[in-house]
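Chains as they are written, first to last, in my numbering: chain A, 1 to 447; chain C, 1001 to 1251.
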């Protein structure tokens, strides 16, 4: 209760400061969200959905919040070299929860906007009104309402009808600063009918301070539109990341989502996909690599509300040392959602006796003409394969490494962007070799 | 002497399988080990290559003057020991190319040699593939994944060619092979045979020995080598079966 009060007090005392420079759109959702946060509070381990993901410790830290929007002392373009070379992306930065505006958002196709959510919503209120805060409004997760209460800016990708983005968009989100800090990050992705886009989001914490990143992403994919959405987390051990992603897919739309947790502290990803039209496809996959005392929790919910939609899930975990992995995948096939295809696969390697894995597949089917399957398996490295490799002269550590890499290969293969796939393979390889002591591509001082 | 096994005893889960094996193999020799099911043939090959499932309870094994039983499985391989598995393991996600590159380069490192360049390595792959007529597309697939029985066995001999061992153990390499595949595999083994390297052929049947001509034939029964003779012993077994051996032992 005290933790909740700390945040409600901040809002009650500083509501004017929070909304001072913000658009009508952002401010318009605030008070309702605040009331909701007061009643929901923070998620806690007594709730089934957070049973193995206890936020108590990370929430008990006295974080600062940058509600006065104090400027960023670094230029991310100078301190942060590109993560994924050869990708020739359109590159954007969020530093903590500030959009870093360098005025360089040029060369985008006509009508496309990528950049500050606050600025864009000031000029295009009517465009964003049907989207912002809509998918997240019904969430019963207090982190979401806290985010909507405090969001002062965010990142928007708006691709109007029929526009095919040729170059991928890359958003790098940096956590930086000497103080412990909570950031409320907000993403709004609108891909209108027939449009296509690819988005890569990389999270890095550059300082050893304790950070709490509370992110909400709302994604709309219009009729026949397609989105590839890649997320890479390379945060430090002191970072907690809570991310709530909401996706709405219209008729015949396609989503490819691939989330890789390479390094982190505590991570909770809630991913909710809902089909609002027939014939839509969602392909969700992810890799979670945990060691030390890290915790990685992916919670998926796919709502098959309409017929003829397809969802595929493939999540793989490798948990080492005393790390903990959690996978929960709920698939709901509602009455009347005939010809649904829903497949879920979750496979996990526990490398040590102290590592833990909690897997919870949930398939609820209320229609009678569907194809659904789910499977989860948690085990150790295949001893037969290990011996076979050693008998060819490959050392045991190298054989283990090759087997771990092989274990993650099919998830990486789902990445459609070839340079990104190659880069990810290399990063996962380095991660298993323990060579990712600092963020690849990072040249920030004091890192 | 290339390999010397002295009074080797080994067990699995407390059950003794090998009960005092004695065997000596010199450079350039081909030895066949035959015997009925359950006599310990595959256990012998597993113990020699260091499979941790089996426990050596007594005896010694010397390989090229070194104590084999003290070596890790990978060092045994690097010293020149090779096992063609009866059941080659499928390793999804590890390509044959990466698997072989890792193996060849670890062997080279052991001999203080530089890793092969990518082009030299691919050249070597191409050259050795030809020995067992292994299709190039198999080299790009995951190790043994989706290979037919014959392809798996050919792939074993391909790996043998890549690693150029001093002593190869072919564990039931003929099982599951049709007559054409058997010929290809056997010809591959013969092509790789030199006066410096040796082969142990473990088999039930004489037919493989029509192609790979052994210098000596041993019969393994109930954990011991109970009879050793020349090639004619294999032919006799083919005609008379194992029962007369069993009877001879029991008497």
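Each residue gets a CB set at the ideal place from its N, CA and C atoms; glycine is no exception. Fair warning: this is a prediction, and the values are worked out from it, not measured in the lab.
Residue 1226(C), enclosing alpha helix (DSSP H) - first and last residue: Note, residue 1226(C): premise wrong, no alpha helix (DSSP H); beta strand (DSSP E) at 1224-1229.
Test item: CB-CB of residue 391(A) and residue 1073(C) under 9 Å: yes
Short CB-CB distance (under 9 Å) between residue 317(A) and chain C: no
Residue 111(A) and residue 101(A) closer than 9 Å at C-beta: no
Whole-angstrom distance between residue 107(A) and residue 279(A), CA atom to CA atom: 33 Å
Contacts around residue 1177(C), its chain only, beta-carbon distance under 8 Å, and the 5 residues preceding and following it disregarded: 1149, 1150, 1153 and 1185
Cβ pair count under 8 Å reaching 3, the stretch 229-243 of chain A against the stretch 205-213 of chain A: yes
9 Å Cβ cutoff, residue 432(A) in contact with chain C: no
Cross-chain neighbours of residue 1049(C) in chain A, by beta carbon under 7 Å: 391
Same chain only: Cβ atoms within 6 Å of residue 86(A), ignoring 5 sequence neighbours per side: Confidence at residue 86(A) is low in this model, with a pLDDT of 49, below 50, so its placement is unreliable and no value can be given for it.
Between the CA atoms of residue 1007(C) and residue 1122(C) - distance to the nearest angstrom: 43 Å
9 Å Cβ cutoff, residue 314(A) in contact with chain B: This model lacks chain B altogether, as its protein chains are A and C.
Residue 30(A) versus residue 76(A): straight-line alpha-carbon distance, rounded: 30 Å
CA nearest to the CA of residue 150(A), picked from 378(A), 363(A) and 22(A): 22(A)
Own chain, CB closer than 6 Å to residue 327(A), minus 5 neighbours either side, in chain order: 298, 315, 346 and 359
Segments assigned alpha helix (DSSP H), at least 4 residues, entirely inside the stretch 110-166 of chain A: 117-123, 125-128 and 142-150
Partners in chain C for residue 395(A), counting only beta-carbon separations shorter than 7 Å: 1074 and 1106
Terminal residues of the alpha helix (DSSP H) in which residue 268(A) lies: Looking at the DSSP string, residue 268(A) is not in any alpha helix (DSSP H); the run it does join, the beta strand (DSSP E), is 266-275.
Closer than 8 Å: residue 173(A) CB and nearest the ligand GDP heavy atom: Because no ligand of any kind appears in the structure shown, any question about the ligand GDP cannot be addressed here.
Interface partners of residue 410(A) on chain C, CB under 9 Å: 1092 and 1093
Residue environment, residue 1156(C), which counts as buried when at least 16 other CB atoms sit within 10 Å: buried
Below-9 Å beta-carbon distance, residue 384(A) vs any chain C residue: yes
Delimiting residues of the beta strand (DSSP E) encompassing residue 310(A): 310-319
Identity of the residue in 1240(C), 1248(C) and 1213(C) nearest residue 1227(C) by Cα: 1248(C)
Rounded straight-line distance, which links the Cα of residue 1014(C) to that of residue 1096(C): 36 Å
Contacting residues, own chain, Cβ-Cβ under 8 Å from residue 44(A) (five flanking each side not counted): 50, 54, 55 and 56
Contact belief for residue 1162(C) with residue 1124(C) at Cβ below 8 Å, rounded distance in angstroms: 7 Å
Chain C contact for residue 388(A) (CB, 9 Å cutoff): yes
Chain A contact for residue 1138(C) (CB, 9 Å cutoff): no
N- and C-terminal bounds of the alpha helix (DSSP H) containing residue 34(A): 30-40
Presumed contact (8 Å Cβ cut-off) between residue 1245(C) and residue 1033(C), rounded CB distance: At roughly 13 Å, the Cβ-Cβ gap does not stay under 8 Å, so residue 1245(C) and residue 1033(C) are not in contact.
Residue 288(A) at chain C interface by Cβ criterion, 9 Å: no
contact_flag[the stretch 216-227 of chain A, the stretch 184-191 of chain A] where n(CB pairs < 8 Å) is 3 or more: yes
The stretch 282-301 of chain A / the stretch 244-262 of chain A touching (three or more Cβ pairs under 8 Å): yes
Whole-angstrom C-beta distance between residue 1128(C) and residue 1158(C), which should lie under 8 Å: 6 Å
Test item: CB-CB of residue 1018(C) and residue 1049(C) under 9 Å: no
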